[in-house]
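Participant: Structure below; questions to follow.
Protein chains: 2
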Amino acid sequence: MIVVKVGGSHGIDYEAVCSDLASIVKSGQQVILVHGGSAETNRISEKLGKPPRMVTSASGYESRYTDRETLEIFEMVYCGKMNKSIVEKLQRNGVNAVGLSGLDGRIWEGSRKAAITILEGGRKRVLRDDFTGKVERVNLELVHLLLNGGFTPVLTPPAISYEHEAINVDGDRAAAMLASALKVDKLVILSNVPGLLREIQDEQSLVPEIPFAEIEEFTAFAKGRMKKKILGAVEAIRDGVKEVVLGDARKPFPITEALSGRGTVIH
Amino acid sequence: MIVVKVGGSHGIDYEAVCSDLASIVKSGQQVILVHGGSAETNRISEKLGKPPRMVTSASGYESRYTDRETLEIFEMVYCGKMNKSIVEKLQRNGVNAVGLSGLDGRIWEGSRKAAITILEGGRKRVLRDDFTGKVERVNLELVHLLLNGGFTPVLTPPAISYEHEAINVDGDRAAAMLASALKVDKLVILSNVPGLLREIQDEQSLVPEIPFAEIEEFTAFAKGRMKKKILGAVEAIRDGVKEVVLGDARKPFPITEALSGRGTVIH
């Protein structure tokens, strides 16, 4: 069994991801696909007159400020447009996919962080009414039920808070939580870059391998969204996943390539 | 086991539907909820600069002209915003709900009608590139799996065509297909009217009961969206459902009220 996370940034080839995933499923391997939708959420938010607002937390991580209106747009794009378009592609490739959010069957449960401290122009500010949070518990019952029934789960944020509210959570870290809860050997995190780059502008500067003991010295290279992917990888390996591969979803056979070691392998 | 369909028109009290459904589920009854999202789809379509276009078929039924762009907006609202908001409400009421479309597990399968003949200004015209269709087959495997696992399915269009495309289908008729495939005794169809009215403007003119043998003489009262509800009811009863109740979703306890005979009972 493997967990594959595919991002939501520009340039990702979902057709390639879905046809590659289909051949892996047909070979008898169980796969759970986790996906994002950030670029499309930005586009739809703009069109709806509610431009996205990205904030940087005091600890340096970037996230989407998510009031209730933003959360509903987020759900429209992640759970509606993106999720159903991926399910449709998988069905076309002969995979009996089932699209879900973390609300469904409470798969991803965690705490809402209603007040977040952000850095704005070098100063700290507290934002309230934010529906973001962190997955702390994975309820596997529904996932096992589907896998045992021959279905392929396609999972996307939001998660659900202990107070039963939908919360925006980071997809990479949620996928890492899922991977370690399922005790899979491999977690593949695909995005629109070849993996961790020493120089963000230079795709030739790929870090091909990171032994877990040396992760600290490599995390400094991670910029922007890559920071959370590395954080997710660290959490997954700490919690028992043997190998995490950061791979490129702009190329053909992105999952197969990552599984064969192309990208940044963390073990 | 019962199937409840709740519409997507203005005035529907989803909180009331969800809390009522929760108490029925807690009493030990299995429920499958099917929902729509038409009013919200119209609102979002307008905001996205793609106003809805309703067309009337040559046989007199109204439907949404659904090109691919409209289909994606439809999925955003039905599968994203509406579905996840209902799942969230049910979770808050202690029901372990799982939100799905007809694509997931191919629950609703049917044929796409790429060319539809419409009436426009009294003249017939053929529209092409339309992603609408009709549910012809219900694949119950996933529904049974969820019910047996203690989950409550929350189902919404689109369905999936035999060529693996998402297709817009009528929710009332799709719910009727589901109800007869599941061989349930009762199908409850809730909307923003008290049931079938003799005079559409007069809520006092409710038809309380229609023996199936006399359905023909009552269908003439059905206007607009009520026509498809009656059509769905006829199809459900013809295929083995014992009773269909058209009830009011603007009131407290809408499902319980309908089950106790308030609304239009067709049997």
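Chains A and B, in that order, are what the protein sequence lines are.
Under this note's numbering, the first residue of the first sequence is numbered 860, with each subsequent residue one higher.
Under this note's numbering, the first residue of the second sequence is numbered 860, with each subsequent residue one higher.
Using N, Cα and C, we set each Cβ at its ideal position, and we do this for glycine too.
These numbers were taken from a predicted model, which means no experiment stands behind them.
1. Expressed to the nearest angstrom, what Euclidean distance is found between the alpha-carbon atoms of A/Ser897 and B/Lys1110?
2. Between the region 954–975 of chain A and chain B, which residues of the former have CB atoms less than 8 Å from a CB of the latter, in chain order?
3. At which residues does the beta strand (DSSP E) containing B/Gly992 begin and terminate?
4. For B/Arg965, count neighbouring Cβ atoms within 10 angstroms of its own Cβ and tell me buried if that reaches 16, exposed if not.
5. Tell me whether the beta-carbon of A/Val1103 lies closer than 8 Å to the beta-carbon of A/Ile1125.
6. Quick check on the DSSP output: the beta strand (DSSP E) that includes B/Lys1088 runs from which residue to which?
7. Of all the CB atoms in chain A, is at least one closer than 8 Å to the CB of B/Arg1121?
8. Would you tell me roughly how many angstroms separate the C-alpha atoms of B/Ala1035 and B/Pro1067, rounded to the nearest one?
9. Name the chain B residues whose beta carbon is nearer than 7 Å to that of A/Gln888?
10. Mind checking A/Thr1123: buried by the 16 CB within 10 Å criterion, or exposed?
11. Run through DSSP, which three-state label would B/Asp1031 get?
12. Does DSSP classify A/Thr1078 as helix, strand or coil?
13. Let me make sure I understand the geometry here. Which of A/Pro1070, A/Ile891, A/Val1052, A/Phe1071 has the alpha-carbon closest to that of A/Ser1064?
14. At a CB-CB cut-off below 8 Å, which residues of chain B make contact with A/Phe990?
15. Please say whether A/Val1002 and A/Leu1046 have beta carbons closer to each other than 8 Å?
16. For the region 922–952 of chain A, which residues have a beta carbon sitting closer than 8 Å to at least one beta carbon of chain B?
17. Are the region 1027–1042 of chain B and the region 988–1002 of chain B touching by the rule of at least three beta carbon pairs closer than 8 Å?
18. Going by the beta-carbon positions, is the gap between B/Gly1091 and B/Pro1017 smaller than 8 Å?
19. Can you give the Cα-Cα distance for B/Ser1032 and B/Glu1094, rounded to whole angstroms?
20. Is it buried or exposed for A/Ser878, if we count other Cβ within 10 angstroms and need 16 for buried?
21. From what residue to what residue does the beta strand (DSSP E) around B/Lys970 run?
22. Using a C-beta cutoff of 8 Å, does A/Leu1046 count as contacting chain B?
23. Taking all protein chains shown into account, do 16 or more other C-beta atoms lie within 10 angstroms of the C-beta of B/Met860, making it buried, or fewer, making it exposed?
24. Please confirm whether B/Gly1008 has its beta-carbon closer than 8 Å to some beta-carbon of chain E.
25. Looking at chain A, is there any beta carbon in it that lies within less than 8 Å of the beta carbon of B/Lys885?
26. Are the beta-carbon atoms of B/Gly895 and B/Leu1049 separated by less than 8 Å?
27. Would you check if the distance between the CB atom of A/Gly953 and the CB atom of A/Ala881 is smaller than 8 Å?
28. Counting Cβ pairs, one atom from each stretch, are 3 or more of them under 8 Å apart for the region 915–924 of chain B and the region 968–988 of chain B?
29. What residues in its chain sit with their C-beta under 7 Å from that of A/Gly1009, if we drop five residues either side in the sequence?
30. So within the region 1017–1062 of chain B, which uninterrupted beta strand (DSSP E) runs reach at least 3 residues, ignoring any that extend past its ends?
31. I want to see whether chain B comes within less than 8 Å of A/Leu907, judged by CB atoms only; does it?
32. Under the rule that 16 or more other beta-carbon atoms within 10 Å means buried, what is B/Glu947, buried or exposed?
Facilitator: In brief:
1. 38 Å
2. Asn955, Ala956, Val957, Gly958, Leu959, Ser960, Leu962, Asp963, Gly964, Arg965
3. 992–997
4. buried
5. yes
6. First-last for B/Lys1088: 1085–1097, but that is the alpha helix (DSSP H), not the beta strand (DSSP E).
7. no
8. 20 Å
9. None at all; the shortest Cβ gap to chain B is about 20 Å.
10. buried
11. helix
12. helix
13. A/Val1052
14. Per Cβ cutoff of 8 Å: no residues; A/Phe990 is ~11 Å from chain B at best.
15. no
16. Glu931, Glu934, Met935, Val936, Tyr937, Cys938, Gly939, Lys940, Asn942, Lys943, Ser944, Val946, Glu947, Gln950, Arg951
17. yes
18. no
19. Going by the sequence as given, residue 1032 of chain B is Arg instead of Ser. So the two alpha carbons sit approximately 8 Å from each other.
20. buried
21. Looking at the sequence provided, one finds Ser at residue 970 of chain B rather than Lys. Here the beta strand (DSSP E) through B/Ser970 covers 967–971.
22. no
23. exposed
24. The chain labelled as chain E is not found among the protein chains of the depicted structure, namely A and B.
25. no
26. no
27. yes
28. yes
29. Asn955
30. 1018–1020, 1045–1050
31. yes
32. buried
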